[in-house]
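This report concerns only the one structure given below.
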Ligand SMILES: [Zn+2]
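In this note's numbering, the protein residues as written are 1190 to 1873.
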């Protein structure tokens, strides 16, 4: 180091201007490294490059020698903070000594006696001293004009090396991430990719392999392949259409049915080695395995009848095992006549000949994302029982709508509107449109109401029937929006959201037996939206299957089971595989909260809005909902009921939604009752 510095001692000012570019290395090419010094030491050791990189931190005057360790005036040079390499290096290297303290040719630098500078070091830390000495070293080693090009070339190296190192680490990391993701994807989605009806392998295998049959849990054949190789479905048209969404079709027009989702099994890809060898040795045509579903076709057909002409969906499951016993989606389709449901050309649409419609292919139970309305109050109630101590002993007051500022959505605690006033104005104006954009809908038409009600947003009770003084249980069983709006604001959106997540909102359900679209609780910001979201309005969406899982989870002491559609398989040699074990999806709530919710839901059916779901011999627990989907409150409410039977012999949970059917208590609860009755009669 010393040697090199000495060599460079007589560099002049103009050459040192090059330092601006950041000189990394000050060795001559032919220069040998000192003992124990590696090339990287040389490169890093002598290259406090950042000292010069467009530095602008400190500017030293020529005579500013007083507080410099070695009395260097930096003249017109700008410096920056040294990097760790520089400090590291200087600590390793010898510090400059009095040898260096001669003036350099152009007089821009001055080396003074070391002793002098030490006396004047009083303002700076020792570390800083070392830093400055590193700057000195670099300057002293500034290259000559000849060296400058070389140095410029060579100074690429350290950057390149470190860049290469960074790139290597980056690519290795990316590769590792990609590998992990690939393994995750294949294990998680592999079956789904395969079962995708667009997978050409499925179509080609269908030409080679006779697909297995699809049966219900009582081995009623729902789909089979006839002697001509044609796929045929149950002879009874009513049964066939009732289970159409569960079974699917042979053309891949529906993606969630068993024909698509279990195609791997149906085409024999899941058969064991023994089965394959046996099949090949027997010389007959290749046959896939048959799939036995958990549903009961007769019960499903019965549930389908209960819909009458309404659109909507129903799911009935065993809440201890997760087995789906019935799944209905209206409108249905006929798998024997799929041409009727294919997307139509314009001319076909005009002629109106075909019976089907494309939307009939959507399985609303799994893919229909509905506004939940008041059935969401089970989640708000769970959040309240979970985080508001003593909530079930408190008294509330429901003596008129909650009022919010029409612009900001802020709750106006002191604005009181009597039930009479509200009723009077309600008749003259559209119902409050709580979701999704309450602010865009004037609650009260100008001129039709007292001044105070203009520009207000209201949280109202159904039909402006306010409840007076009531406790938590009464608020739940009467489905009081006013009280739940207040509770929602007290809880805050975050706690409601957190409870919704506990029940599976916002999750990508990756169940092994079915495809279920995710449900969503969008975090509201304004008080009005928080209040409405607590009553299941705002922008919350949920599928009927998910609501059934939630009811089932409450019934099952807080533990949600993974929904099951696959009861078992039958090999081509008629060997029945064992029934699969139930598996837990997640624990949503504590058993204590589940027990309290059960009591609330029991009361709702005993004496509240769910009375029409009551059975004479069995305890039914439930919650109704009339989810408003437009401002026309009579027609455009989805009628909801979720509930379960609180009996060990009949662990049944249900979710029903009838689109645009009006009141959940009047319309959906009786459907649940009919289906419960039938299921019990069938022994479930
Ligand atoms: Zn009320």
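From the three backbone atoms N, C-alpha and C, an ideal C-beta is built for every residue, glycine too.
C-alpha distance - residue i paired with residue j, whole-angstrom precision
| i | j | result |
| --- | --- | --- |
| residue 1777 | residue 1572 | 11 Å |
| residue 1784 | residue 1690 | 20 Å |
| residue 1850 | residue 1844 | 15 Å |
| residue 1858 | residue 1684 | 29 Å |
| residue 1513 | residue 1779 | 24 Å |
| residue 1577 | residue 1742 | 21 Å |
| residue 1865 | residue 1575 | 30 Å |
| residue 1529 | residue 1838 | 43 Å |
| residue 1146 | residue 1712 | Since the first residue shown for the chain is 1190 and the last is 1873, residue 1146 is missing from the structure and cannot be characterised. |
| residue 1521 | residue 1556 | 14 Å |
| residue 1332 | residue 1350 | Since pLDDT at residue 1332 reaches only 47, below the 50 mark, its modelled position is unreliable, and the value read off the structure follows with that caveat. Between residue 1332 and residue 1350, the C-alpha separation is close to 22 Å. |
| residue 1840 | residue 1509 | 6 Å |
| residue 1729 | residue 1709 | 6 Å |
| residue 1615 | residue 1598 | 20 Å |
| residue 1511 | residue 1601 | 45 Å |
| residue 1695 | residue 1519 | 25 Å |
| residue 1434 | residue 1564 | 25 Å |
| residue 1805 | residue 1811 | 15 Å |
| residue 1825 | residue 1356 | 59 Å |
| residue 1814 | residue 1415 | 46 Å |
| residue 1924 | residue 1722 | The structure shown does not extend to residue 1924, since the chain is modelled only from 1190 to 1873, so the question has no answer here. |
| residue 1790 | residue 1797 | 9 Å |
| residue 1833 | residue 1681 | 29 Å |
| residue 1644 | residue 1607 | 17 Å |
| residue 1496 | residue 1856 | 10 Å |
| residue 1716 | residue 1788 | 29 Å |
| residue 1561 | residue 1531 | 30 Å |
Those residues which DSSP pairs with residue i across a bridge
| i | result |
| --- | --- |
| residue 1660 | 1584 |
| residue 1422 | 1412 |
| residue 1780 | Partner(s): none; residue 1780 has no beta bridge. |
| residue 1810 | 1833 |
| residue 1758 | 1480 |
| residue 1753 | 1512 |
| residue 1843 | 1505 and 1832 |
| residue 1805 | For residue 1805, which the question treats as bridged, DSSP gives no partner whatsoever. |
| residue 1817 | 1826 |
| residue 1404 | 1410 and 1481 |
Three-state class that DSSP yields for residue i in the structure shown
| i | result |
| --- | --- |
| residue 1241 | Interpretation of residue 1241 is limited by its pLDDT of 36, a score under 50 that renders its predicted location unreliable; the figure taken from the coordinates is listed afterwards. Coil, per DSSP. |
| residue 1721 | helix |
| residue 1411 | strand |
| residue 1525 | helix |
| residue 1680 | helix |
| residue 1797 | coil |
| residue 1612 | helix |
| residue 1853 | helix |
| residue 1352 | helix |
| residue 1398 | coil |
| residue 1865 | helix |
| residue 1592 | strand |
| residue 1740 | helix |
| residue 1489 | helix |
| residue 1359 | helix |
| residue 1714 | coil |
| residue 1600 | strand |
Exposed unless 16 or more other CB atoms sit within 10 angstroms - verdict on residue i
| i | result |
| --- | --- |
| residue 1373 | exposed |
| residue 1358 | exposed |
| residue 1449 | buried |
| residue 1771 | exposed |
| residue 1773 | exposed |
| residue 1362 | exposed |
| residue 1365 | exposed |
| residue 1371 | exposed |
| residue 1477 | buried |
| residue 1605 | exposed |
| residue 1781 | exposed |
| residue 1657 | exposed |
| residue 1456 | buried |
| residue 1427 | exposed |
| residue 1438 | buried |
| residue 1862 | buried |
* Asked: How about the stretch 1544 to 1557 and the stretch 1442 to 1452: do they share at least three Cβ pairs that are nearer than 8 Å?
  -> yes
* Three or more C-beta pairs below 8 Å linking the stretch 1399 to 1416 and the stretch 1473 to 1484 -> yes
* At a cut of 8 Å, does the stretch 1660 to 1678 reach the stretch 1579 to 1590 through at least three beta carbon pairs? -> yes
* At least 3 beta-carbon pairs within less than 8 Å: the stretch 1660 to 1668 vs the stretch 1697 to 1717 -> no
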